[in-house]
Every structure is written in structure tokens, then in C-alpha cells.
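Asker:
There are 2 protein chains.
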Amino acid sequence: MSVGRTPATMTEIAAALGVSSATVSNALSGKGRVSAELSAKIRQAADELGYVPSHAARALRTGRTAVIGLVLPDISNPLFPQIAQAIEQAAAAAGYGVLIADSRGEIAQQTAAIGRLVERGVDGMIVVPRRGSRIGDVGTPIAIIDSPSTPGNTVSSDHRDGGVQMGRHLASLGHQKVLLIANSRQSNVQNDRVGGLEAGLGSDACCETLWVEEMEVSQGVGCALGLAARVADGYTAFAAVYDLLALRALTELQRDGIDVPLQASVSGFDDLVWSSVVMPPITTLRQNLAMIAERAVEALGGVIAERDAATRKPASVERNGAGVPMTLVIRQSTGPTMYSVVAAAAHARKDSR
Amino acid sequence: MSVGRTPATMTEIAAALGVSSATVSNALSGKGRVSAELSAKIRQAADELGYVPSHAARALRTGRTAVIGLVLPDISNPLFPQIAQAIEQAAAAAGYGVLIADSRGEIAQQTAAIGRLVERGVDGMIVVPRRGSRIGDVGTPIAIIDSPSTPGNTVSSDHRDGGVQMGRHLASLGHQKVLLIANSRQSNVQNDRVGGLEAGLGSDACCETLWVEEMEVSQGVGCALGLAARVADGYTAFAAVYDLLALRALTELQRDGIDVPLQASVSGFDDLVWSSVVMPPITTLRQNLAMIAERAVEALGGVIAERDAATRKPASVERNGAGVPMTLVIRQSTGPTMYSVVAAAAHARKDSR
DNA sequence: CCAAGGTGATTAATCGTTTAATCAACCATA
DNA sequence: TATGGTTGATTAAACGATTAATCACCTTGG
Numbered sequence: 003m004s005v006g007r008t009p010a011t012m013t014e015i016a017a018a019l020g021v022s023s024a025t026v027s028n029a030l031s032g033k034g035r036v037s038a039e040l041s042a043k044i045r046q047a048a049d050e051l052g053y054v055p056s057h058a059a060r061a062l063r064t065g066r067t068a069v070i071g072l073v074l075p076d077i078s079n080p081l082f083p084q085i086a087q088a089i090e091q092a093a094a095a096a097g098y099g100v101l102i103a104d105s106r107g108e109i110a111q112q113t114a115a116i117g118r119l120v121e122r123g124v125d126g127m128i129v130v131p132r133r134g135s136r137i138g139d140v141g142t143p144i145a146i147i148d149s150p151s152t153p154g155n156t157v158s159s160d161h162r163d164g165g166v167q168m169g170r171h172l173a174s175l176g177h178q179k180v181l182l183i184a185n186s187r188q189s190n191v192q193n194d195r196v197g198g199l200e201a202g203l204g205s206d207a208c209c210e211t212l213w214v215e216e217m218e219v220s221q222g223v224g225c226a227l228g229l230a231a232r233v234a235d236g237y238t239a240f241a242a243v244y245d246l247l248a249l250r251a252l253t254e255l256q257r258d259g260i261d262v263p264l265q266a267s268v269s270g271f272d273d274l275v276w277s278s279v280v281m282p283p284i285t286t287l288r289q290n291l292a293m294i295a296e297r298a299v300e301a302l303g304g305v306i307a308e309r310d311a312a313t314r315k316p317a318s319v320e321r322n323g324a325g326v327p328m329t330l331v332i333r334q335s336t337g338p339t340m341y342s343v344v345a346a347a348a349h350a351r352k353d354s355r
Numbered sequence: 003m004s005v006g007r008t009p010a011t012m013t014e015i016a017a018a019l020g021v022s023s024a025t026v027s028n029a030l031s032g033k034g035r036v037s038a039e040l041s042a043k044i045r046q047a048a049d050e051l052g053y054v055p056s057h058a059a060r061a062l063r064t065g066r067t068a069v070i071g072l073v074l075p076d077i078s079n080p081l082f083p084q085i086a087q088a089i090e091q092a093a094a095a096a097g098y099g100v101l102i103a104d105s106r107g108e109i110a111q112q113t114a115a116i117g118r119l120v121e122r123g124v125d126g127m128i129v130v131p132r133r134g135s136r137i138g139d140v141g142t143p144i145a146i147i148d149s150p151s152t153p154g155n156t157v158s159s160d161h162r163d164g165g166v167q168m169g170r171h172l173a174s175l176g177h178q179k180v181l182l183i184a185n186s187r188q189s190n191v192q193n194d195r196v197g198g199l200e201a202g203l204g205s206d207a208c209c210e211t212l213w214v215e216e217m218e219v220s221q222g223v224g225c226a227l228g229l230a231a232r233v234a235d236g237y238t239a240f241a242a243v244y245d246l247l248a249l250r251a252l253t254e255l256q257r258d259g260i261d262v263p264l265q266a267s268v269s270g271f272d273d274l275v276w277s278s279v280v281m282p283p284i285t286t287l288r289q290n291l292a293m294i295a296e297r298a299v300e301a302l303g304g305v306i307a308e309r310d311a312a313t314r315k316p317a318s319v320e321r322n323g324a325g326v327p328m329t330l331v332i333r334q335s336t337g338p339t340m341y342s343v344v345a346a347a348a349h350a351r352k353d354s355r
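As C-alpha cells, then:
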């Protein structure tokens with residue numbers, strides 16, 4: 003291949019064609035006034051010489067780096083890869099590179115990470131904030147991916163509606179007594195989902211929410227959730243607020259000899275990798291991360307454009323749009339309660355004979 | 003805060019102190035000859051004025067961007083977040099920013115992603131290659147994270163030794179008939195782990211390897227692995243080559259009413275998020291990703307330094323070091339076989355009376 | 001007293017692109 | 001034939017840091 007060559011510069015192209023470098027710049031950017039024929043010749047020469055624009059020079063001159071930062075919270079979040087992938091793809095399509103910064107859980111680290119990105123001169127950044135934290139103005143355009151209830155330039159899934167969908171799904175299967183499993187009351191996302199679930203299940207359903215984080219302070223991290231007892235207590239479904247909790251519930255139930263979904267249904271959120279490979283595969287809600295990423299990048303691009311139009315205000319425009327819909331993925335971890343199954347079976351028996 | 007200010011430049015510092023900008027540069031970089039007192043004054047002024055070096059200008063002048071690229075394979079790999087985090091941390095410590103590039107599984111995408119990074123002028127890149135792919139010379143320093151059996155400038159865990167550790171652990175629990183569960187024969191990492199497991203279990207153990215990928219071509223993706231039948235067949239342990247497979251095995255066994263670890267043990271690799279929260283928590287091997295990342299960044303830094311010392315060869319130095327050790331994390335998914343438990347219980351009963 | 005050497009600072013060029021300002025033709029209109 | 005407007009290209013000045021070359025000054029030794 004022709005790799006390894008010293009990449010040609012505009013000046014070289016200009017010299018090769020006997021024109022000025024300004025003309026080359028104009029031709030390639032399509033900005034100034036260049037005759038069509040010369041423009042074509044320049045483009046061709048650029049191709050032949052293997053011209054690669056110098057991002058550094060361009061950044062120096064224009065003050066824009068064409069790089070955005072991606073700040074992520076506790077990276078242990080298994081949804082992270084998908085978000086990162088989606089953002090990277092959307093950013094690449096919009097001509098941006100993506101610089102990552104991990105905030106390692108700590109809120110101070112989040113600020114530090116943002117600072118590092120700013121120093122590196124990113125044009126803007128997309129932040130998935132640590133739950134319960136607020137991002138201050140850093141003089142750089144920011145877009146936030148969190149929950150629609152977060153103020154600011156936010157884009158996110160419609161977590162509440164997702165909850166509603168799942169709630170309706172469970173209700174339609176006949177579940178009346180449902181345990182909602184969440185982790186932290188601090189999380190906007192989790193609260194939205196819980197709210198949605200309650201709404202979707204309807205007012206005649208009996209549901210309680212188990213906040214795992216609180217349970218763990220007394221019983222230790224990774225403690226059993228005591229779900230078998232709940233089943234004995236009449237609960238027929240466990241709706242977790244994200245798949246990791248769903249998995250925890252599923253395995254605990256199975257270990258205690260409870261059949262899923264025959265004796266109890268289990269559902270989650272986010273459709274993480276394992277959700278489809280465990281046995282039974284988990285019913286969950288998938289986020290449209292590609293769309294979220296696109297919107298985030300687009301929103302960010304908008305703010306960036308505005309900002310260098312009016313180089314006055316850092317202008318963190320509030321363009322909080324509608325939430326991106328989530329799609330329900332029904333698998334085998336949810337089903338009718340055993341009683342309805344039995345009833346239906348009896349019904350079928352009667353019918354068939 | 004003092005954010006939002008126009009960041010001061012070297013020229014401004016120089017003007018404020020009535021010295022030349024070259025002196026400021028020398029003082030701050032500690033390179034040229036500057037008197038100690040002037041140097042101190044300059045440093046102080048830099049602080050007060052809130053000097054932030056322009057990466058763009060520096061990059062333009064020196065040709066080095068202080069950014070490295072991180073190329074990842076199928077991003078769905080749940081280990082990815084941890085790798086990314088570790089790399090980011092190590093890179094930040096070494097003064098590098100990390101630009102991500104996702105190769106979305108496709109091998110062509112991998113090449114494209116690498117190309118994009120090169121165009122952006124990264125100083126080097128760290129590649130976690132798609133399994134079975136080889137990276138060509140792109141005229142940019144590269145470090146690879148894969149398996150010690152990969153040629154090139156590679157750093158990785160000692161997967162084989164990890165397998166040996168797990169094999170010994172299982173053997174010590176009395177397991178003689180073990181099913182190894184892997185996905186693809188193409189993967190160096192998986193092959194290393196399988197080899198290690200076989201070695202660790204010893205020659206008198208009976209073990210077979212189940213290649214899930216091959217099974218799925220005939221039975222469909224996500225098919226049952228038929229482990230219950232294996233248990234009936236005398237298998238007492240299932241050693242998966244990564245945690246996702248272990249999870250799949252665990253849930254399948256539990257669904258079929260087999261008690262883990264009483265009737266069968268299950269083990270994995272990588273200690274992914276869920277491994278500790280499922281019930282029972284999974285025995286696994288943890289990679290020392292922090293160390294791997296450090297070494298990768300360090301190795302890359304070395305190659306970069308060499309390259310701009312001798313601006314001749316692209317010099318992808320072969321500095322294939324020893325594998326980084328993995329650590330065995332014993333949890334509740336592995337235990338003695340039921341028979342030995344029964345035997346031990348009988349033994350105990352006899353002893354106590 | 002002069003040459004040699006060291007020290008601390010400055011000068012000026014350079015990296016590659018962008019862009020405002022300028023200029024030379026050329027055509028059309030008064 | 002001047003005047004004015006277009007068109008197509010050039011000039012030259014940035015952007016901010018680095019660095020080789022130079023310079024002025026001071027010390028030291030012969």
C-alpha cells in the first residue's frame with residue numbers, strides 16, 4: 003500500500019500545480035471562488051499525492067478540533083460498550099473523533115475528567131452523568147444522556163414509557179402482585195422506570211419496590227434478595243429496573259427451585275448481552291441507543307455551531323426533546339402465572355374432549 | 003470559577019513579564035537555559051494567568067498529538083469497559099488522551115477504524131484484534147492486547163496459566179469428568195485457556211471441549227447446550243472459557259433442576275460484573291487489566307520514542323513479554339462433587355460419634 | 001589584556017491551514 | 001471611454017508552541 007509515505011500538504015499540491023495554497027484550500031473546502039476546472043484538477047492532484055489534511059494545523063487555525071469527549075460514570079455499567087459504540091459511530095458520521103474519559107465512579111473524578119477533556123480542546127462533550135450529580139458550566143458545549151427528567155441539554159430514552167410497556171405486559175399476563183426491584187433512589191433513570199412500571203401495572207395491581215442498595219447496607223453486598231419467600235407470599239412477577247438485577251433475581255429464584263416463568267416471571271431493562279443467552283432468556287426493554295447517540299451528537303453539533311456563531315455566551319442551550327422510545331423484547335422469562343396456566347390447561351382439556 | 007476565560011497563551015505570559023516567548027517555553031518545559039528565578043516567576047505568572055497549553059499548536063510544531071487510539075473488536079464483549087477504563091487510566095497517567103475506534107466486528111471495519119485513527123494523527127494505537135485477524139503495518143506504532151501466542155508487540159494475560167490454575171482447582175475438588183465450554187476455535191485466547199485447563203486437570207481427568215459456535219450452526223444461536231444430559235452422563239464440572247458461557251451453563255443447569263455446585267460445578271473466566279451477583283456467584287479468573295494496560299501503554303510509549311529518535315523505520319519492535327498472571331477467584335459455583343460430599347459427611351458422622 | 005568558554009536570554013523560522021484583503025482581468029453600461 | 005461590478009486567483013497575516021541559531025555579557029586563564 004501507499005502507507006508510510008509522508009502525507010502531502012496543501013503547499014505541496016499548490017507547488018505541483020503552480021497555484022497558491024490558498025486556492026488549494028478554497029478548492030478542497032469549496033468555500034472561496036475557484037473555477038470548476040481548476041478545482042477538479044486540484045482535487046485530482048490531492049488524490050494522487052495522497053493528501054491528508056493536518057488536523058493539528060486546522061485546529062490551530064480554526065480553534066476547532068473536531069473531537070468530542072465522552073464522559074462515562076462507573077464504567078462497570080455493562081451498558082457502556084453499547085453507548086460508546088453508538089456514540090462513536092454517530093460521531094464518526096458527523097466527522098468527530100471521540101476522546102474517552104472515565105470518571106471512575108467518584109464525582110470528583112467526573113469533574114477532573116471533564117477538565118482533562120477541556121484542556122485537550124474538545125469541541126464539546128457528551129456526558130452520561132454519575133447518578134445524582136449535576137454538571138456545572140465548563141465553558142464547553144455539553145450534551146447529557148440520562149433521563150428526560152434531568153434538566154439541561156438532555157437526550158435519553160423514555161424510561162417511564164418503557165416502564166409502562168413492561169407493566170402492561172405483565173398485567174396482560176395476569177400478574178397482580180409484582181415486586182419491583184431497583185437499586186438506588188438517587189437515579190433518575192431508575193425512578194422513571196419504577197414510576198412507569200407502577201403506572202403500567204395499573205392501580206388494581208399490588209406492587210412494592212425493593213431498593214437493593216438499602217437492603218445491602220444491612221445485609222451486605224451481594225446478599226440474597228429473599229425472593230423465594232416473596233413467591234410464597236403470593237408474588238408472581240419480579241420486574242427489575244435493569245438486567246443485572248433481573249439476572250440476580252432469576253438465578254436466585256432458580257437456585258431456590260422456583261421455575262421461571264411457570265411460578266414467577268422475571269423482567270429487566272436494557273437488553274444486555276447475557277439477557278438473551280441465559281436460560282430462560284430474559285424479557286426486557288431495549289433502548290434505541292443508535293438514535294440516542296445520533297441525537298446527542300446532533301444536539302451537541304448544534305450547540306457548537308451556535309457557540310461559534312455568537313462567540314459570546316457559552317450557551318448551553320436547553321433543547322430537551324422528547325424521550326426516545328424503548329422497545330419491548332418479549333422472551334421466555336415472563337409468562338402467565340401458573341394458576342392461569344393450570345386454568346387454561348383445564349379449559350383446553352375440557353374443550354378438546 | 004475562573005472557567006470561561008480565554009485561556010492565556012505563552013506570548014501573553016511573555017508580554018506580561020517583558021520576556022520573550024521562547025524563554026517562557028523553555029522555562030515551562032525545562033529544556034533550554036533559563037535562570038532559576040526567572041523560571042519561577044514565569045511559572046507563577048502562568049498559574050495566575052491560567053495558562054493552558056494549546057495542544058493544537060504543540061501538535062503542529064512537534065508532529066506529536068499526545069493521543070493514542072484504542073481499537074476494539076466486537077464491542078459487545080462485556081470485558082470491553084474494563085479494558086477501556088484501564089487503558090484510559092494508564093494513558094492519562096502517561097499524558098496521553100485516548101481516542102476510541104470501534105471495529106464493529108467486521109474485519110474491514112477494523113482496518114477502516116485504524117485508518118481513521120491514523121488520519122487523525124494519533125501517536126500510536128492499542129489494538130484488541132478481532133479474533134483470528136492480523137494487523138498490518140500502518141506506519142504508526144501499535145501495541146496489541148490479545149494472547150501471548152500472538153506475534154508482534156503484544157501484551158496480555160497468561161491465559162494458559164489461568165487455565166492451569168482453574169484446572170488444578172477443579173481437580174483438587176475431585177472432578178474427574180469435566181466439560182470444557184468454549185466458543186470459537188479461531189480465538190487464540192480461548193485456545194490458550196482450553197489448553198491450560200486440560201493441562202491443569204491432569205492427564206487422568208477425562209475432558210471434552212464443547213465448541214458452542216459449531217453447535218449453534220446446526221442448532222441455532224442461543225440453543226440449549228444439553229448440559230443436563232452431560233450430568234446424567236457423569237460430568238461433574240463445566241469449565242467455561244469466559245463468564246458469559248459460564249452464565250449460560252449455570253442458568254441452563256439450574257433451569258433443569260440441577261443444583262450448582264452440589265451436583266455440578268461451573269467456572270468461568272474474566273470476572274465480569276454479573277459473576278459475583280448471580281446465585282451462586284461464579285468461580286472465575288480475574289485478569290489484571292490495570293497491569294496489562296500499563297504495560298501496553300508503556301510498550302507503545304517505547305515504540306513511539308524509538309520511532310521519533312530514528313525517524314527511519316516504522317519499527318514495530320517485537321517486545322513480546324511474559325504474560326500477566328491471572329488470579330483465581332473462588333466463589334460458590336464450584337465445590338466438591340456430591341459423592342465426595344456424601345462421603346465426607348459419612349466420614350464426619352462416623353468420626354463424631 | 002585578549003581569547004576562550006559559559007550563561008541567560010532573544011530572534012526568527014517553522015509546522016499546515018484558513019481567511020481577510022488585495023489585485024488583475026474582463027464584461028457591461030452610461 | 002471612463003466607471004462599476006464580477007470573477008478567479010494571489011498575498012500575507014494569523015493561530016501558538018518549539019527550537020536552532022545568535023547575541024550580549026560575564027568569568028577565567030594564559
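The listed protein sequences derive, respectively, from chains A and B. Read in order, the letters of the first sequence correspond to residues 3 to 355 in our numbering. Read in order, the letters of the second sequence correspond to residues 3 to 355 in our numbering. Glycine included, each C-beta is placed from N, C-alpha and C at the ideal position. All figures in this text were calculated on a predicted structure; none of them were measured in a lab.
1) Are the region 204-214 of chain A and the region 264-282 of chain A in contact at 8 Å, needing three or more beta carbon pairs?
2) Check distances from the C-beta atoms of the region 270-304 of chain A to those of chain B and list, in chain order, the residues that come in under 9 Å.
3) Run through the region 134-171 of chain A for me and flag every whole beta strand (DSSP E) of 3 or more residues, listed as ranges in chain order.
4) Could you tell me which residues DSSP puts in a beta bridge with I70/A?
5) Any beta carbon from chain B within less than 8 Å of A58/A's own beta carbon?
6) Under 8 Å, do R66/A and D125/A count as touching if we go by C-beta distance?
7) Is the region 180-191 of chain A touching the region 286-300 of chain A, taking contact as three or more C-beta pairs under 8 Å?
8) Given that G222/A touches chain B, what residues does it touch there, using C-beta distances under 7 Å?
9) Less than 8 Å between C-beta atoms, sequence neighbours within five positions excluded: which residues of the same chain meet that for L51/A?
10) Just to confirm the assignment: which complete alpha helix (DSSP H) runs, minimum length 4, are found wholly within the region 242-288 of chain A?
11) For E14/A, decide whether its Cβ has a neighbour in chain B, counting only Cβ atoms nearer than 8 Å.
12) Only counting the same chain, and skipping five residues up and downstream in sequence, which positions put a Cβ closer than 6 Å to that of A234/A?
13) How many Å lie between V100/A and A93/A at the Cα?
14) At the level of alpha carbons, what is the spacing between V219/A and A95/A?
15) So which residues of chain B does G126/A contact, with C-beta pairs closer than 8 Å?
16) Within the same chain, show all residues whose beta-carbon is closer than 8 Å to that of S22/A, passing over the 5 residues directly before and after it, in chain order.
17) In the DSSP assignment, find the alpha helix (DSSP H) that holds E300/A and state where it starts and stops.
18) Mind checking if P338/A is an interface residue toward chain B, Cβ cutoff 8 Å exclusive?
19) For K179/B, which three-state DSSP category applies?
20) Taking any Cβ of chain A, which residues in the region 89-111 of chain B have a Cβ under 8 Å from it, in chain order?
21) Where does L81/B sit, in a helix, a strand or coil, going by DSSP?
22) Could you tell me the alpha carbon to alpha carbon distance between Y53/B and V120/A, rounded to whole angstroms?
23) Give the DSSP bridge partners of L212/A, in chain order.
24) Just checking: is the beta-carbon of L51/A within a distance shorter than 8 Å of some beta-carbon in chain B?
25) Please identify the residue among T113/A, V26/A, P327/A, R162/A whose C-alpha is closest to the C-alpha of R45/A.
26) Once you ignore the five residues that flank P338/B on each side, which residues in its own chain have a CB closer than 6 Å to its CB?
27) Does the beta-carbon of P282/A have 16 or more other beta-carbons within 10 angstroms, so that it is buried, or is it exposed?
28) Answer yes or no: does any C-beta atom of chain B fall closer than 8 Å to that of T67/A?
29) Who are the neighbours of E218/A on chain B, taking C-beta pairs under 7 Å?
30) Using only the alpha-carbon positions, how far apart do L40/A and D49/A sit?
31) Would you kindly report the start and end of the unbroken beta strand (DSSP E) that includes T394/A?
32) Distance check for I294/A and A285/B, CA to CA, integer angstroms please.
33) Pull up the CB-CB distance for I109/A and S135/A, whole angstroms please, since I reckon it's below 8 Å.
34) Taking only beta-carbon atoms, is A10/B less than 8 Å away from chain A?
35) Quick one: Cα of Q334/B to Cα of L252/B, how far?
36) Which runs of the alpha helix (DSSP H), 4 residues or longer, sit entirely within the region 12-81 of chain A?
Answerer: From the atom records:
1) Using a C-beta cut-off of 8 Å, the region 204-214 of chain A makes no contact with the region 264-282 of chain A, since fewer than three inter-stretch Cβ pairs fall below that distance.
2) Listed by position, the residues of the region 270-304 of chain A near chain B (Cβ gap below 9 Å) are L274, V275, W276, S278, V279, V280, M281, P282, P283.
3) List check, beta strand (DSSP E) in window: 144-147.
4) When DSSP reads this structure, I70/A sits in a beta bridge with V100/A, G126/A.
5) A Cβ of chain B is located within less than 8 Å of the beta carbon of A58/A.
6) For R66/A and D125/A, yes; Cβs fall inside 8 Å.
7) Contact check between the region 180-191 of chain A and the region 286-300 of chain A: fewer than three CB pairs, one atom from each, fall below 8 Å, which does not count as touching.
8) Those within 7 Å of G222/A in chain B number zero; the least Cβ separation is about 12 Å.
9) Correct list, in chain order: A10, E14, I15, A18.
10) For the region 242-288 of chain A, whole alpha helix (DSSP H) runs of length 4 or above, ordered along the chain, are 245-257.
11) No - not a single Cβ of chain B is within 8 Å of the one on E14/A.
12) Residues of the same chain with a CB within less than 6 Å of the CB of A234/A, apart from the 5 flanking positions on each side, do not exist.
13) Going by C-alpha positions, V100/A is about 7 Å away from A93/A.
14) Rounded to the nearest whole angstrom, the C-alpha separation of V219/A and A95/A is 45 Å.
15) Here the premise fails: no neighbours, minimum Cβ distance about 15 Å.
16) So the qualifying residues of the chain are A16.
17) 291-311 is the span of the alpha helix (DSSP H), which, as asked, contains E300/A.
18) No - not a single Cβ of chain B is within 8 Å of the one on P338/A.
19) K179/B falls in the strand class under three-state DSSP.
20) Per Cβ criterion, the list reads E90, Q91, A94, G99, V100, L101, I102, A103, D104, R106.
21) Coil at L81/B, not helix or strand.
22) The C-alpha of V120/A is placed about 13 Å away from the C-alpha of Y53/B.
23) I183/A, per the DSSP bridge assignment.
24) No, because no Cβ of chain B sits closer than 8 Å to the Cβ of L51/A.
25) If you compare the alpha carbons of T113/A, V26/A, P327/A, R162/A with that of R45/A, the shortest gap goes to V26/A.
26) Only L175, G176 meet the Cβ criterion.
27) P282/A should be labelled buried.
28) T67/A belongs to the set of residues whose beta carbon lies under 8 Å from a beta carbon in chain B.
29) Going along chain B, no residue has its Cβ under 7 Å from E218/A, so there is no contact; the nearest lies around 11 Å.
30) Between the alpha carbons of L40/A and D49/A lies a gap of roughly 14 Å.
31) This structure leaves residue 394/A out entirely; chain A is present only between 3 and 355.
32) For the sequence presented, residue 285/B should be read as Thr rather than Ala. The straight-line gap separating the alpha-carbon atoms of T285/B and I294/A is approximately 36 Å.
33) Rounded, the Cβ-Cβ distance is 5 Å, consistent with contact.
34) At a cut-off of 8 Å between beta carbons, A10/B makes no contact with chain A.
35) If I take the Cα positions, the gap works out to 12 Å.
36) With a minimum length of 4 residues, the continuous alpha helix (DSSP H) runs that stay inside the region 12-81 of chain A are 12-19, 23-31, 38-51, 57-64.
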